[in-house]
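If you read the sequence shown in our numbering, its first letter stands for residue 49, the second for the next number, and so on.
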Amino acid sequence: MVRNTKAFKEAVAQTLAELARHGVTLAPATVEDAIEQRITATAQQLRIQVRSAWRYFDASRMADRLAQSLASYEENGSAKDAGQAPMPPIDNPELALVLAGVPDSLAQTGGDLYAVIVNVAVNAWMAGHIHGEDGCTGCEGNRGPAGHDWEARMRTITEMQPNIAKWFDRDVWTRAVNDAGYTVTRR
49 MVRNTKAFKE AVAQTLAELA RHGVTLAPAT VEDAIEQRIT ATAQQLRIQV
99 RSAWRYFDAS RMADRLAQSL ASYEENGSAK DAGQAPMPPI DNPELALVLA
149 GVPDSLAQTG GDLYAVIVNV AVNAWMAGHI HGEDGCTGCE GNRGPAGHDW
199 EARMRTITEM QPNIAKWFDR DVWTRAVNDA GYTVTRR
């Protein structure tokens with residue numbers, strides 16, 4: 049209800065402009081979420097209707113809060129640590145296999161980037177499960193011939209993908225995506 053109003057759209061545009069003046073770049077969705085939360089909270093606290101809460105909104109103050117929050121997050125190291133899994137060695141065959149599958153996945157899905165990202169995420173999750181939870185009793189019989197033996201799995205994957213290092217070359221990967229008929233560009 050909050051997002052489908054002219055006031056909301058104007059507030060987002062003004063806040064993004066203020067953030068740009070601060071030299072801060074945030075995704076519009078992040079700004080939209082913050083504004084929606086602020087307006088909803090203001091309406092609840094003051095026990096007024098949402099449409100009346102807009103008179104208390106200040107894009108400059110919202111941008112200041114968001115910029116301060118981002119700076120604090122980065123300063124405390126949380127940005128570096130949050131959700132950062134350790135990187136496997138550059139010649140990890142399973143990671144090469146996942147990267148190699150992206151162009152094919154793009155072609156199979158007709159360029160549906162969301163479906164490609166889900167595919168990569170699921171493969172990465174499974175790889176982490178195999179590497180990190182080899183003792184999982186609920187996974188018996190569904191890992192193929194290598195079973196829970198991580199070294200055997202890496203050997204099997206290496207045999208499937210003889211030229212592992214090429215998928216860690218950004219230019220090779222980009223050419224493969226382009227050969228599949230797609231490009232990834234930023235607007």
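The beta-carbon is built from N, C-alpha and C at its ideal position, and this holds for glycine as well.
Residues near residue i in its chain [Cβ-Cβ closer than 7 angstroms; skip 5 each side]
i, result
"E84", "V50, R51"
"L154", "V164, V225, A228, Y230"
Rounded distance between the beta-carbons of residue j and residue i, thought under 8 angstroms
i, j, result
"A77", "I87", "The Cβ separation is near 16 angstroms, so there is no contact."
"L67", "A111", "5 angstroms"
"T63", "A107", "5 angstroms"
"V98", "A89", "The pair is not a contact, with the Cβ atoms about 11 angstroms apart (cut-off 8 angstroms)."
Extent of the continuous alpha helix (DSSP H) to which residue i belongs
i, result
"R86", "76-94"
"T222", "218-227"
"E63", "According to the sequence as given, residue 63 is Thr; it is not Glu. 54-70 is the extent of the alpha helix (DSSP H) around T63."
DSSP state of residue i mapped onto helix, strand, coil
i, result
"D160", "coil"
"R103", "helix"
"G149", "helix"
"Y230", "coil"
"T204", "helix"
"D139", "coil"
"M174", "helix"
"D129", "Bear in mind that a pLDDT of 48 at D129, under 50, signals an unreliable position, so the number given afterwards is only what the model happens to contain. Correct three-state label for D129: helix."
"V50", "coil"
Cβ neighbours of residue i in the same chain (closer than 8 angstroms, five flanking residues each side left out)
i, result
"G131", "With a pLDDT of 49 at G131, under the threshold of 50, the modelled position of this residue cannot be trusted, and the question is left open."
Within 9 angstroms, strictly: CB atoms of residue i and residue j
i, j, result
"L114", "A148", "no"
"V150", "V170", "no"
"F56", "E80", "yes"
"L143", "V232", "no"
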